[in-house]
Every structure is written in structure tokens, then in C-alpha cells.
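A.B. asks:
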Amino acid sequence: MSTTGLRPPPVPAARPRTAAAATTGDAPPTPGSTLRRLLAHPRFMHHHRLVAAVVATNLALLAYGLTAGWWGGPAAPGALGAAALANVALAVLVRQQYVVNLLFWLATRAPTHWPLRIRATLGKVYHFGGLHVGAALAGTAWYLAQLGALTVGDAPAGALVTGYAAAVGLLAVVGTALPPVRSRRHDLFERTHRLGGWAVLLLLWAQAGFLAGGPAALATSPQGGVLAVLTASIALPWLRLRRVPVVVERPSSHVALVHFDHGVTPFPGSSTAVSRSPLWEWHSFANVPAPGRSGFRLTVSRAGDWTGRFIDDAPQRLWVKGISTAGVANIETLFRRVVYVATGSGIGPVLPHLLAGQVPARLVWVARRHRETFGDGLVDEILAHQPDALLWDTARDGKPDMLRLAWQAYREFDAEAVICISNRPLTWQVVRGMEERGVPAYGAIWDS
């Protein structure tokens, strides 16, 4: 651990600490009630609750439609198709960059004098992917039901051919998005989602044209209007595709700091997707704009084949598309004071918030040889804005109890929430452990 230039924070007075001192403070209390522990479990996180809510809503629609006679007779394919299209539209639009930023903007309008429980719930806005998953599953089910109704009816042959092709595409997209497949074959998941999704959209246009009786009739139908909105939503980020120059700084063989200055200065806490091969793979990284300066930085750490190749063979230009999108830590403005817990290159998404200083914050950063790995410039910049930060060096002090460090910082700083940026196991350990003790806690959920 290293701390320099200490100054008294608002509460309480800071004092120099050592790694040994940091491990001798108050241990986290015993977790709360059984219900609180249950709700804090990752299986019951808000993302999964939203999936369940969307599926339950569709089941209720199915039950009501059965009593109302919607799913039988000549009108059944139209009713089933409308349900399918509504769900597909929700699945697509909730992932649109402008919609994501709007959701974050709305959620963070709550003033800090509102009850903490309300603000803590609004802070889970980044779980919106549950709407995407639930709607995609329900939409696929409704579409297969519609296809069955068309098959036993007198639908045009063209509608059946395009319908079965679209069904194969939808099943491929859903199948590769299942967590076991996505985690092991992420490149396959990403390419199937992108290219398969485009193919399905084209097939839905063609099928809708056959069912409507031609392009002219489709253009004036509700289905045509919804498909047009979905097409615009998907195309919009690609209309902003460009190849821009970058300057790559490598403080070590583990990290690259990528500097952009092509006329765009994103807001703190946003992310940018970059690529070397725009049709095949994209990787998102947190933007680090510097106050008062144009451009921004990205922190790329060695975490796989793509990042390894990036660091070893740094490019001079990269592809970017769309707009900067809000990230998890943007929910900080819902709280009066927050604690940031970061490990390794997790400092990247945290740094812009520390530089912006919108909310009083305390940093706990666990990494291996901070200065050797990330460079003196970055570490000094962090300490200039966070002189009371706890920098835990795992090479010198060993692996810490992350939950204990988070709890101690939360208590010492009198914070209202903890935001953890780390790998999956440590993020869930900290978020779950703090929530079991009644503390609002947030971290990435790896839902995309």
C-alpha cells in the first residue's frame, strides 16, 4: 500500500496507513437476514429479475389471449406476429446507445435527498440487459408460434421460406448467447449476434412483405413502421463508423494507454467500442477524458488474445463507431459519497470519475506493482486527485481480503455506496458481501 500527500477529507481525518494497519480495522459484520442474503445472491440480481418480469408479462399475455380467443382462427398469425415483433423491438431498442444513455440519464435525475433505498434501486439501471434477454427469449417463442400457425394455414410460400430461415437465425442468435457458449466462444457469440441479427432483420422485412401483399402495403402497415425503426436503430451506430489515429503508450508489457484526439471528447464514465476488423469483433473500454483538454484515453490490459496482440503490436489507427455509452459508475451521482474498489486495470473505468470529482470519493486500488505496471504518470495523476487512496501492492503485501478493505473504506469515509470494478469473482464477492450487510453496491454483470 502506498499513500502520499495526505490531507484531511471531509470525514474523518485521514492518517497514513500501512498494509498491516489496513487489515487490522473493523471486520465486516455478520450478514443480515436470510431474505437479504437471498436477494444479494447473483442468481437473484436485478438483471435476472427483469428477465423474469418480461417472461411473466408474456405468460400473462398468453393466458389472457387464450381466454379472448386471440390465438385461434384466421387472425392467429397476425396476433402472434404482433406479440413477436413487440418483444423483438424491445430487445433491440433497449440496447441502442441513445436509449442506454437515456435510461442512465433518467435514473440519475433523483436528488440525493431522496430515501437511500429508492436511490439504491435506481442505481441498478445498468441491469437493463435483463429486458433485452427476456424480450429476446419471448420474441423467439412468439415467432415460432406464429410460424407454426402460418404453416398450418394458407400463408404464401415466400412467407414460409423466409420465416423458417429467420427462425433458424433467431435460434442461432439465442443459442450462442447462452452463458456457457458465450463465455467459452465469445467471438462466435459476437459475430453470430451481429451478422445473424442483420440476416434475421432482412428476412423479417421479406416475410412481412409477403404477408402484407407487397412493398406498398407493407410501407403503410404498423409492422413496416416497427421494422423501419429497428433498422434505423441498428444502422445508426454504423453511420458513425470511422478510422481514427491513435497514440499508444506502453508503460509495461501488461498495459497500453491509448490516446485519442480526433475531435471527440466523451463524458466521464462512458465507454468507446474499438476494432481493428469492424465486421468481426469489437471491444469496449472506459473513456478517460482529462478535464480541460480535448480527446481521451483508454486503458487496455493484457486479458486475452486480442488485448495481448494489441499491446505487442500497437496500431496507429483504430475503427470507432456509434457514440460514447454510459457505464456502471455513472450511477455515482445518486449518492453523497462513494467508495471505489478497483483491481488492476479496473482503474480505467474509475479514473474519469476521480478526475471529474463530481461526487466525493475514496479509492481502494489493488494491483501488482502499480508504478511498474501502469507508469509513474498515471499513478501520480491518481494520487493528485486521491491523496488518501489506498494502493495495495499484491507483490509486496499479498492478496487482500477485498470485502474487508471495501467495508473499512465504506465505514471510514462515511460513504453511501460502493462501486467495484474488478474481475467477475471479486466483483461478485464485494457486491454480494456489501449488499448482504445492507450497503448499496454495484459492479459489472457481464451480460453482453
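Using the UniProt record's numbering, the letters of the sequence shown map in sequence onto residues 1 to 448.
No residue lacks a Cβ here, since even glycine has one placed at the ideal position from N, Cα and C.
Just so it is clear, the structure is predicted and the values come from calculations on it, not from any experiment.
Starting from the C-beta of residue 136, find all residues in its chain whose C-beta is less than 6 Å away, skip the five residues before and the five after it, and write them out in chain order.
C.D. replies: As a position in the sequence shown, residue 136 is number 136, starting the count at 1. Cβ neighbours of residue 136 beyond the five flanking positions: 91.
A.B. asks: When burial is assigned at 16 or more other CB atoms within 10 Å of the CB, is residue 294 buried or exposed?
C.D. replies: Taking the first residue of the sequence shown as position 1, residue 294 is located at position 294. That one is exposed.
A.B. asks: Can you give me the Cβ contacts of residue 245 inside the same chain, cut-off strictly under 6 Å, excluding the 5 residues immediately before and after it?
C.D. replies: Counting from 1 along the sequence shown, the entry for residue 245 is found at position 245. The answer, listed in chain order, is 317.
A.B. asks: On the CB-based measure, 16 or more other CB atoms within 10 Å of its CB, does residue 157 come out buried or exposed?
C.D. replies: Position 157 of the sequence shown holds residue 157. Exposed, since its Cβ has fewer than 16 Cβ neighbours within 10 Å.
A.B. asks: Run the CB neighbour count on residue 106, radius 10 Å, all protein chains shown included, and call it buried at 16 or more, exposed below.
C.D. replies: Counted from its first residue, the sequence shown places residue 106 at position 106. Result: exposed.
A.B. asks: Residue 375 and residue 251 look like a contact to me (Cβ under 8 Å); what is the Cβ gap, rounded to whole Å?
C.D. replies: Residue 375 sits at position 375 when you count from the first residue of the sequence shown. Residue 251 sits at position 251 when you count from the first residue of the sequence shown. About 3 Å separates the beta carbon of residue 375 from that of residue 251, a gap short enough to meet the 8 Å contact definition.
A.B. asks: Quick check on DSSP: helix, strand or coil for residue 297?
C.D. replies: Taking the first residue of the sequence shown as position 1, residue 297 is located at position 297. Strand, per DSSP.
A.B. asks: Leaving out the 5 sequence neighbours to the left and right, which residues in its chain are closer than 7 Å to residue 31 when beta-carbon positions are compared?
C.D. replies: Along the sequence shown, one-based indexing puts residue 31 at 31. Spatial neighbours of residue 31 in its own chain (CB-CB distance under 7 Å, excluding positions within 5 residues in sequence) are listed in chain order as 37, 436 and 437.
A.B. asks: Got a sec, what are the start and stop residues for the beta strand (DSSP E) residue 413 sits in?
C.D. replies: To locate residue 413, count along the sequence shown from 1; it is residue 413. Not the beta strand (DSSP E): residue 413 falls in the alpha helix (DSSP H), residues 402–413.
A.B. asks: How should residue 393 be labelled, buried or exposed, when 16 other C-beta atoms within 10 angstroms of its C-beta is the threshold for buried?
C.D. replies: Numbered from 1 along the sequence shown, position 393 holds the residue referred to as residue 393. Burial call: buried.
A.B. asks: Tell me which residues share the same chain as residue 124 and place their Cβ nearer than 6 Å to its Cβ, disregarding the 5 neighbours each side in the sequence.
C.D. replies: Counted from its first residue, the sequence shown places residue 124 at position 124. The answer, listed in chain order, is 46.
A.B. asks: Where does residue 232 fall in DSSP's three states?
C.D. replies: Translated into the one-based positions of the sequence shown, residue 232 becomes position 232. Helix.
A.B. asks: Check for me: the beta strand (DSSP E) holding residue 272 runs from which residue to which?
C.D. replies: For the purposes of this step, residue 272 is taken as the residue at position 272 of the sequence shown. Taken as a continuous stretch (DSSP letters only), the beta strand (DSSP E) holding residue 272 covers 270–275.
A.B. asks: Measure how close the beta-carbons of residue 248 and residue 133 come, nearest whole angstrom, since I'm counting them as under 8 Å.
C.D. replies: Residue numbering aside, residue 248 sits at position 248 when the sequence shown is read from its first letter. Residue numbering aside, residue 133 sits at position 133 when the sequence shown is read from its first letter. At roughly 35 Å, the Cβ-Cβ gap does not stay under 8 Å, so residue 248 and residue 133 are not in contact.
A.B. asks: How should residue 380 be labelled, buried or exposed, when 16 other C-beta atoms within 10 angstroms of its C-beta is the threshold for buried?
C.D. replies: Sequence index remark: in the sequence shown, residue 380 carries index 380 (1-based). The C-beta of residue 380 has fewer than 16 other C-beta atoms within 10 Å across all chains shown, which makes the residue exposed.
A.B. asks: Within the continuous beta strand (DSSP E) that includes residue 349, where are the two ends?
C.D. replies: Residue numbering aside, residue 349 sits at position 349 when the sequence shown is read from its first letter. No beta strand (DSSP E) holds residue 349; the alpha helix (DSSP H) holding it covers 347–356.
A.B. asks: Let me confirm a value: residue 461 is counted as buried when at least 16 other C-beta atoms fall within 10 Å, else exposed. Which label applies?
C.D. replies: Because the chain is modelled from 1 through 448, residue 461 falls outside the range shown and cannot be assessed.
A.B. asks: If you drop the 5 nearest sequence neighbours on each side, which residues of the same chain put their C-beta closer than 7 Å to that of residue 146?
C.D. replies: Position 146 of the sequence shown, counting from 1, holds the residue named residue 146. If we look at residue 146 and ignore the five residues flanking it on each side, its Cβ neighbours are 77, 80, 81 and 84.
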